[in-house]
Every structure is written in C-alpha cells, then in structure tokens.
Amino acid sequence: MTSQIEVDHLSKYYQVHEKEPGLMGSLRSFVKRKYRDVKAVDDISFHIDAGERVGFLGPNGAGKTTTLKVLSGLLYPTRGHATVLGFTPQKRETAYLKQFTLVMGQKQQLLWDLPAIETFLVNQAIYEIPKAQFEATLNELDNLLDLESVMKKQVRKLSLGERMKCELAAALLHRPKVLFLDEPTIGLDVTMQARIREFIGEYNRRYGATVLLTSHYMADVTALCERIIVIDRGHLFYDGNFRALIERVAPYKILRLQFEQPISRLELATFGEVAACDGLTAVLHVPRVQATESATRLLSQMKVDDVTFEEPPVEDIIREVFAGRVEMRD
Amino acid sequence: MRYLRLLVLFWKASFLVELEYRANFVVRILVGVFWVGVTILSTTVFFTHTNNIGGWDFNEVLVITGLFTLMGGIIQALLQPNVSKIIEMVRLGTLDFVLTKPVNSLFLASLRYSQPFSAVDVLSGSAIVVVALSRMGYIPDGLAVLEFVVMFAMSVLIVYSIWMVMATLSFWFVKVGNLSELFNTVWDTARFPVSTFNGVLRIVLTVVIPIAFITTFPAQAVLGRMDEATLGGAMAMGAILFGFSVWFWRYAVRSYSSASS
Chain A
241 MTSQIEVDHL SKYYQVHEKE PGLMGSLRSF VKRKYRDVKA VDDISFHIDA
291 GERVGFLGPN GAGKTTTLKV LSGLLYPTRG HATVLGFTPQ KRETAYLKQF
341 TLVMGQKQQL LWDLPAIETF LVNQAIYEIP KAQFEATLNE LDNLLDLESV
391 MKKQVRKLSL GERMKCELAA ALLHRPKVLF LDEPTIGLDV TMQARIREFI
441 GEYNRRYGAT VLLTSHYMAD VTALCERIIV IDRGHLFYDG NFRALIERVA
491 PYKILRLQFE QPISRLELAT FGEVAACDGL TAVLHVPRVQ ATESATRLLS
541 QMKVDDVTFE EPPVEDIIRE VFAGRVEMRD
Chain B
47 MRYLRLLVLF WKASFLVELE YRANFVVRIL VGVFWVGVTI LSTTVFFTHT
97 NNIGGWDFNE VLVITGLFTL MGGIIQALLQ PNVSKIIEMV RLGTLDFVLT
147 KPVNSLFLAS LRYSQPFSAV DVLSGSAIVV VALSRMGYIP DGLAVLEFVV
197 MFAMSVLIVY SIWMVMATLS FWFVKVGNLS ELFNTVWDTA RFPVSTFNGV
247 LRIVLTVVIP IAFITTFPAQ AVLGRMDEAT LGGAMAMGAI LFGFSVWFWR
297 YAVRSYSSAS S
C-alpha cells in the first residue's frame with residue numbers, strides 16, 4: 241500500500257530581491273533589482289500513512305510552512321514532487337481540494353463583521369456539503385469545541401481562543417481526510433492551547449484523519465504527535481518516532497537531589513552521571529532503565545532531603561538534532 | 047446553478063454586514079443624492095451655453111448621465127469591494143484560503159463581497175434614464191430594449207474586466223491604489239458622449255480605453271440608434287477583455303504559486 245502523503249526529493253527555491261540600506265540603496269533597487277535564490281526547502285523526502293499524526297519541527301524560516309503550502313497546492317515545487325491522496329497538489333483538482341484542509345494560526349478566513357455561523361454556511365455551499373451531514377458535523381464540532389455560545393457572536397467580538405475554535409470548525413466542516421495545521425495554537429493561552437490540542441487528537445481518532453502539524457510550542461508536539469519530522473534551513477534533520485528519539489538522544493532521566501549535609505561529586509558518581517553538584521544540591525543523569533533502582537539505593541545510603549525525577553527538556557533534544565549529532569532516521 | 051446559489055449566499059452575507067452599520071446606510075443615501083444633484087446640475091450648466099454636446103441634446107445627454115450614475119453604482123456595489131479585498135488578501139496572504147477552496151478562484155475572489163447600499167446609485171441612475179426618456183416623450187421599441195440589454199451587459203463585462211485586471215496587478219505590485227485613481231480620472235470622461243471628444247482622443251476612448259462602450263453605446267442603443275458594427279464591436283470587445291482578464295488572473299495565480307512565500 242502506498243502512503244497517503246508522499247514527498248520525494250522536494251525542493252522549493254524563492255527568488256528574493258536584495259536591497260542595500262539607505263536612500264541610494266533603495267533607489268538602486270527601484271531601478272535594477274538584484275535577486276538571490278533562497279532555498280526554502282532543499283531535497284526533502286518523507287512519507288506519511290493514513291491516520292498518522294506528524295509534528296513538523298524547526299525554527300523560523302526552516303521551510304515548514306513552505307512544505308505545507310506545496311502540499312496544499314499553493315506553491316509549485318522547484319524540483320521533486322509531492323502527492324497527497326494520490327493527487328498532485330498544484331493541479332488543484334476539485335476532488336483534492338474537497339479532501340484536505342489548511343489552517344493557519346496567523347491568518348483567518350472567518351468573515352470579520354459577521355458571526356462565524358455565516359462563514360460556516362458559505363463553506364457548506366462551497367464544499368457542497370449536504371444539509372444533513374452539515375448539521376451532524378456542526379453538532380459534533382459543537383460537542384468537541386463548545387461552539388454554541390461563540391458561533392453566533394460577531395467574529396470581531398470574539399477572543400483569540402474563541403476565534404481559533406471557529407476557524408478550526410470552519411476548516412473541518414467538510415470532514416477532510418488530511419489536515420495541514422500551521423501553528424494552530426499560536427498566541428493562545430496555555431489552557432486554550434491544551435483544549436485545541438485535545439480537539440485535534442480527538443478529531444484524528446474519530447475520523448482517522450491524517451494530521452501534519454507545525455508548532456513553536458513543544459507541548460503541542462509532545463502531546464499530539466508520535467512521529468516528528470525535524471527540518472532546518474530547508475534540510476531534513478530527523479524523521480521518526482518521537483519517543484525513540486528521546487530514548488536515543490537522552491537515554492536518561494534527570495534526578496534532582498537535595499541533601500541534609502554536604503556531599504562530594506565522587507560519592508555521587510556511582511549512581512549516575514553527575515551533571516551538577518554544589519555540596520547540598522546535585523543533578524544526576526541516571527540511565528532510564530536503572531532510574532528507580534538508583535534512586536532507591538541513593539535514598540537508603542545517603543541523607544536525602546528531597547528528590548525529584550524529570551524528563552530531559554524536549555528543546556534540548558531538538559537542539560541536539562539540529563547540531564547534527566543525531567542519525568537521520570530511527 | 048451552484049454558482050448562482052453561491053452568489054445569492056455571498057450577497058446575503060454582505061447584506062447582513064451592511065445592516066450592522068446603520069449609519070453607513072444613511073450616509074450612502076445622502077452621498078448618492080448629492081452626486082446625482084451635482085451631476086445633473088453640471089450637465090444643466092453646460093446646456094445654458096449650448097443646446098448640444100457632440101450632437102447630443104440635453105435629454106439625450108441626461109440618458110448618458112443616468113447610465114453613468116447607474117454604472118458607478120454597480121462599480122461601488124460589486125467591483126470596488128472585491129478589488130480592495132483582493133489587494134488586501136494578496137498583502138496579508140489570506141488569498142491562500144481562496145485558492146484552496148473547491149470553486150473557481152476568480153469567481154470566489156471577484157464576487158465574494160458586495161456593498162448593497164451602493165445600489166442606491168443604481169436606482170437613481172435608472173430613474174434619471176427614465177425621466178430623460180419621458181421628457182423626450184420617447185418609448186423605446188422592443189428592438190431598442192433588446193439592443194440596450196445586450197450593450198449594457200457588454201458594458202458591465204468590460205468594466206468588470208478592467209477592474210479585475212487592475213486587481214490582478216496587485217499580485218506583482220502589491221500596492222495598486224494609484225491605478226484605481228487613474229481609472230477614476232479616465233472614468234469621468236464617461237459622463238459625456240464620446241463624440242464630445244475630438245479625433246484622436248475619441249479613438250483612444252473607444253479602442254484603447256473602452257470608455258465609449260460603457261455609457262455612450264448603451265445610450266445609443268436605448269435611443270434606437272444602434273448599428274450592427276457597433277453592436278458587433280461591443281460584443282467582441284466584451285469577449286476579448288473578459289477573456290484577457292480570466293487569462294491574466296490564471297497567469298497571476300500560477301506565478302503567485304511559483305514565487306511568493
């Protein structure tokens with residue numbers, strides 16, 4: 241069986257014009273522009289199967305949005321090609337456009353001056369959704385997102401979080417099989433982020449939809465995606481299981497200790513790798529499999545005031561990936 | 047059929063928006079009445095010095111004035127809001143939502159919004175035409191009405207095409223506000239019969255910038271002075287310009303897709 245989303249040696253270059261600083265520079269570039277190729281995406285390949293939830297990670301300008309736009313048919317690849325559901329996205333065939341959706345956290349499609357329900361009705365007509373199905377979907381979305389109270393208020397009077405709920409609903413009314421979500425939680429508070437995240441997870445489970453998501457917030461990715469694709473400056477750095485990546489890059493847990501009396505590095509070294517020690521407090525990196533055992537031993541042999549276990553921060557792990565210290569695939 | 051239903055839905059939504067702003071409605075009516083007054087007054091002033099402009103007498107020029115106001119209303123109600131929106135969408139990148147919808151993108155972009163209150167100009171313009179015709183004691187026969195309908199449809203098509211080409215230019219130049227200024231300047235010449243202008247300018251206003259097709263020719267049609275050549279010319283001009291605007295839009299979307307970020 242072939243994958244639902246196939247990206248093969250995809251490259252996308254932009255021509256940007258460069259402007260020298262100052263008035264003279266502006267005048268010069270007004271008359272004659274200098275162009276430079278920017279490799280937004282450079283020879284990337286990956287496959288995604290139906291129903292997968294994949295997190296797309298990378299810093300600003302890494303090429304995440306560009307890739308999503310190519311998959312949505314908004315951009316033509318410079319080289320290589322992509323297929324989604326067997327379609328070539330840039331042909332923008334109606335049959336394809338009806339089966340995916342694109343949500344951009346920073347852009348909105350809702351009609352500003354009207355309640356969101358008006359946009360829903362317009363989308364119903366645009367996507368030719370039968371009335372019964374439309375009502376059923378709207379009902380389910382209402383259950384999941386609690387739309388009832390917000391969809392009849394003017395969009396401009398909604399809070400950012402409420403608006404995002406409505407944006408998602410507007411984008412999902414046609415029950416797309418593939419979801420491209422570009423920073424869907426940007427600017428939202430922690431509670432609302434969690435809410436949106438839960439919703440996306442639930443939608444994926446309920447309809448078996450494929451989700452490809454980009455986000456700045458690690459929590460989005462950790463909570464939602466079992467697989468991640470890491471890119472930076474157009475290159476693919478890692479593609480694989482998220483858990484496996486953590487196990488490999490950080491095969492330890494962090495043990496924070498507080499002692500009753502000063503302790504030396506040497507004494508601690510038998511329990512794990514000492515990351516920090518200043519006498520009364522210490523940080524140990526303990527191999528995952530021995531974590532509990534080490535802690536028990538520690539507690540029985542030393543006078544420990546307080547002890548906590550922590551997972552290594554995901555940001556650090558991703559940084560390792562960018563530094564090129566991690567194998568491309570698991 | 048599906049597109050017609052969409053159109054009704056779009057206009058309904060726009061109407062609801064307009065209802066949100068009641069003050070705007072009053073202002074639109076006042077502005078509309080004001081401009082009708084100014085237009086009629088200036089035409090009257092011209093005729094205190096002469097009894098014809100380019101071979102058209104007062105009542106006949108009044109027909110053109112009416113059509114000018116009528117077409118202005120259509121532009122304000124249907125074209126201008128969409129053109130501003132297209133320019134805004136290109137600037138903000140929200141055009142992506144239009145391009146990922148399973149309908150014709152030009153249809154969605156060019157007819158999505160409207161300002162129904164601007165239709166007051168459509169009413170007042172029609173009223174001026176009716177008044178002018180009845181002052182002449184002239185009732186157009188079936189053929190004249192038919193020819194008028196065709197010429198007027200072509201006129202709308204031509205104006206639509208010109209505006210869409212201007213809007214499409216925003217894909218490359220992002221700021222095209224100056225272009226609509228240019229249009230407005232040329233547009234004002236449509237107040238008068240094209241025969242007012244001499245030699246070269248008349249040809250320019252017919253062939254290069256098809257202003258003559260917008261008011262003069264439909265007026266000729268309703269007055270029963272249509273010849274086959276003009277009728278055929280108008281249909282050709284409408285088809286060519288509309289064809290070009292559609293092609294240009296597709297070309298722009300393709301280059302937007304291959305260039306922008």
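Chains as they are written, first to last, in my numbering: chain A, 241 to 570; chain B, 47 to 307. Heads up, the beta-carbon is just placed ideally off N, CA and C, and yes, glycines get one too.
Query, Result
"Counting contacts by CB-CB distance shorter than 9 angstroms, is Glu258(A) in contact with chain B?", "no"
"Say whether chain B places a C-beta atom closer than 9 angstroms to the C-beta of Val554(A).", "no"
"Quick check: is the beta carbon of Glu358(A) nearer than 9 angstroms to any beta carbon in chain B?", "yes"
"On the three-state DSSP scale, how would you describe Met117(B)?", "helix"
"Indicate the three-state DSSP secondary structure (helix, strand or coil) for Asp167(B) in the structure shown.", "helix"
"So, is Val281(A) buried or exposed, given that buried needs 16 or more other C-beta atoms within 10 angstroms?", "buried"
"Would you please state the rounded distance, in angstroms, between the beta carbons of Arg74(B) and Ser180(B)? I believe it to be under 8 angstroms.", "The Cβ separation is near 27 angstroms, so there is no contact."
"Any C-beta of chain B sitting closer than 9 angstroms to the C-beta of Gly345(A)?", "no"
"Using a Cβ-Cβ distance under 9 angstroms, would Gly313(A) count as near chain B?", "yes"
"Among Arg48(B), Val299(B) and Tyr302(B), which one has its Cα closest to the Cα of Tyr366(A)?", "Checking the sequence shown, residue 366(A) turns out to be Ile, not Tyr. Selected option, being the one with the closest Cα: Arg48(B)."
"Are the C-beta atoms of Thr214(B) and some chain A residue less than 9 angstroms apart?", "no"
"What span of residues does the alpha helix (DSSP H) with His95(B) cover, start to end?", "Arg68 to His95"
"Are the CB atoms of Ser243(B) and Gly101(B) nearer to each other than 9 angstroms?", "Before going further, note that residue 243(B) is Phe rather than Ser in the sequence given. Against a cut-off of 9 angstroms, the Cβ pair of Gly101(B) and Phe243(B) comes out as no contact."
"Quick one: what's got a C-beta closer than 7 angstroms to Lys304(A)'s C-beta in the same chain, skipping five residues either side?", "Phe296, Gly298, Thr454 and Ile471"
"Could you work out which residues of chain B lie near Leu342(A), taking near to mean beta carbons separated by less than 8 angstroms?", "Asp142, Phe143 and Thr146"
"Quick one: which unbroken alpha helix (DSSP H) runs of 4-plus residues sit fully inside the region 474 to 508 of chain A? Chain order, please.", "482 to 489 and 505 to 508"
"Considering only DSSP beta bridges, list what Gln394(A) is partnered with.", "Pro355(A)"
"If you follow the beta strand (DSSP E) that Ser216(B) is in, where does it begin and where does it stop?", "Counting along the chain, Ser216(B) falls outside any beta strand (DSSP E), though it belongs to the alpha helix (DSSP H) covering Gly188 to Phe219."
"Verify the CB distance criterion: does Ser243(A) have a CB-CB separation below 9 angstroms to chain B?", "no"
"For chain A, find out if any of its Cβ atoms is closer than 9 angstroms to the Cβ of Arg237(B); answer yes or no.", "no"
"Give a yes or no on whether the minimum CB-CB distance between Phe56(B) and chain A is below 9 angstroms.", "yes"
"Using a 10 Å radius around the Cβ and a threshold of 16 neighbouring Cβ atoms, would you call Ser307(B) buried or exposed?", "Summary for Ser307(B): the model assigns pLDDT 45, below 50, so the residue's position carries little reliability; its value from the coordinates is reported in the next sentence. Classification of Ser307(B): exposed, given that the 10 Å Cβ count is below 16."
"Taking a cut of 7 angstroms between CB atoms, which residues from the region 63 to 95 of chain B lie near chain A?", "Val63 and Glu66"
"If you measure between the beta carbons of Val554(A) and Met458(A), is that distance less than 9 angstroms?", "yes"
"So the beta strand (DSSP E) Phe286(A) belongs to, where does it begin and stop?", "Lys274 to Ile288"
"At a CB-CB cut-off below 7 angstroms, which residues of chain B make contact with Asp289(A)?", "Per Cβ cutoff of 7 angstroms: no residues; Asp289(A) is ~23 angstroms from chain B at best."
"Which of the three DSSP states is assigned to Ser307(B) in this structure?", "Caution is warranted here: a pLDDT of 45 is assigned to Ser307(B), below 50, making its placement in the model unreliable, and no coordinate value can be reported."
"I'd like to confirm the pairing. Which residues does DSSP put opposite Ile99(B) in its beta bridges?", "Trp102(B)"
"Since Ala516(A) sits in a beta bridge, which residues does DSSP pair it with?", "Val523(A)"
"So, Val566(A) versus Leu485(A), is the Cβ gap smaller than 9 angstroms?", "yes"
"Which residues in chain B sit within 7 angstroms of Leu337(A), going by Cβ to Cβ distance?", "Thr146, Lys147 and Pro148"
"Report all residues from its chain with a CB closer than 7 angstroms to the CB of Gln122(B); omit the five preceding and five following residues, and keep chain order.", "Gln161, Ser164 and Asp167"
"Assuming Thr450(A) and Gly291(A) form a contact by the criterion Cβ under 8 angstroms, report the distance between their Cβ atoms to the nearest whole angstrom.", "6 angstroms"
"Leaving out five residues on either side along the sequence, give the residues of the same chain with a beta carbon under 8 angstroms from the beta carbon of Glu333(A).", "Phe327"
"Thr271(A) CB to nearest chain B CB: under 9 angstroms?", "Looking at the sequence itself, residue 271(A) is Val, so the reference to Thr does not match. Not closer than 9 angstroms to any Cβ of chain B, the Cβ of Val271(A) fails to qualify, so no."
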